[in-house]
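One structure is given below, encoded as structure tokens.
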Amino acid sequence: MKKRGKVVRDPRVGPGLLMVEGRQFHFMPDGVWRSDALPRPGLTVEVEFDTNEQVIGIAVVPDSRLEQERWEAAKALAQSEKSLPSPRFRVDLPTITATAVLVFAWWYLTAYSVHVSYLGKLNFSFWDLLGLLARNGTPDLMDQRGNLDAGIYGALAIAAVAGPFLRHLWNRKAAQFGGLLPLLFVVGAGIAIYGVLANATGGGFPRSDGAVQAQHVVNRISLGLGGYVSLLASLYLAVASMWRFMAAGAKGQKEFPPPRQKAA
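Numbering of the sequence shown is given in our numbering, commencing with residue 587 and proceeding in unit increments.
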């Protein structure tokens, strides 16, 4: 049976003394010391015992082996900490604040203003416009009498705002890309909404042979405060996620370099 221990007292100044798992053992180097290095206090050794717990062999543990073991222990500890839910989720105030601003802008601020000759100016929030998109711009929604149910686009919007928090639930570097989802959704849905609004108001998309018509469409549809706030908040979430992605890559390259092997 072998156990790790340390030399406590040099056997050249009296009986040698080992400390193994909190217990002391005396030894004499003759017959049991199996290393070229002389015993001295502080040396880490591997002690072999017989069935009566008598010391029958002592060998010095090489420094390279100790360094390798410390490196492996530190690496295992770091990996176990990474596997736990990140405590930063509770204090990630910038992400929480930006997401809250984004949701507020979607619900309460005007994303698009539509100028219709027979109705005047109509203001739509981003969430209203998702309902308009789900219904393909039907007239009852244009005069604001319909039920603005966002449908599948509402589900996609919820998934998009959850994207920046994916990194707290999925312990992978690629989870940082979740921060791009709000921006992709806002831009993609915004383009689709513009097309629906333009068609619903009779303008249509600008054509290559209709420069006058293109100017007509721009005059009747304008981006509101909610649109700008949504773009800025989602852009912040995207830039922050990419910054963390690059920082995690740089940290991973420096973390836990393997111990150098000593030349034989």
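Glycine included, every Cβ here is placed at the ideal spot set by N, Cα and C.
How would you call residue i, buried or exposed, if buried means at least 16 neighbouring beta carbons within 10 angstroms?
i: S650; result: exposed
i: R590; result: exposed
i: A819; result: buried
i: I738; result: exposed
i: D795; result: A caution first: D795 carries a pLDDT of 45, below 50, which makes its placement in the model unreliable, though a value can still be read off. Under this definition D795 is an exposed residue.
i: G717; result: buried
i: L767; result: buried
i: D714; result: buried
i: L783; result: buried
i: N733; result: Confidence at N733 is low in this model, with a pLDDT of 49, below 50, so the placement of that residue is unreliable and no value is reported for it.
Can you tell me which residues form a DSSP beta bridge with residue i?
i: W865; result: This structure gives no information on residue 865, because the portion of the chain shown stretches from 587 to 850.
i: H754; result: DSSP lists no partner for H754.
i: S816; result: Looking at the DSSP assignment, S816 forms no beta bridge with any residue, so it has no partner.
i: M605; result: K592, Q610
i: Y698; result: F710, L809
i: E634; result: K588, G643
Rounded to whole angstroms, how far is the Cβ of residue i from the Cβ of residue j, which I believe are closer than 8 Å?
i: G813; j: Y698; result: 7 Å
i: A684; j: L817; result: The pair is not a contact, with the Cβ atoms about 12 Å apart (cut-off 8 Å).
i: D596; j: R626; result: 6 Å
i: V599; j: V618; result: That belief does not hold up - the Cβ atoms of V599 and V618 are roughly 18 Å apart, past 8 Å.
i: A743; j: R753; result: A743 to R753, Cβ: 20 Å. No contact.
Assuming contact is defined by CB atoms lying nearer than 8 Å, are residue i and residue j in contact in what I supplied?
i: V593; j: G628; result: yes
i: T681; j: A826; result: yes
i: A645; j: E653; result: no
i: A778; j: L821; result: no
i: P750; j: G740; result: no
Please tell me whether residue i has its Cβ less than 8 Å away from any Cβ of chain D.
i: W619; result: Here there is only one protein chain, and chain D is not present.
Do you know whose CA, among the options, lies nearest residue i's CA?
i: T637; options: Q762, L604, M587, P615; result: M587
i: L809; options: L695, F831, K759, W756; result: L695
i: F712; options: F690, L755, R721; result: F690
i: V747; options: L783, V700, F771, F613; result: F771
i: F567; options: A659, G776, A745; result: The structure shown does not extend to residue 567, since the chain spans only 587 to 850, so no value can be given for it.
i: R721; options: K707, A736, K759; result: A736
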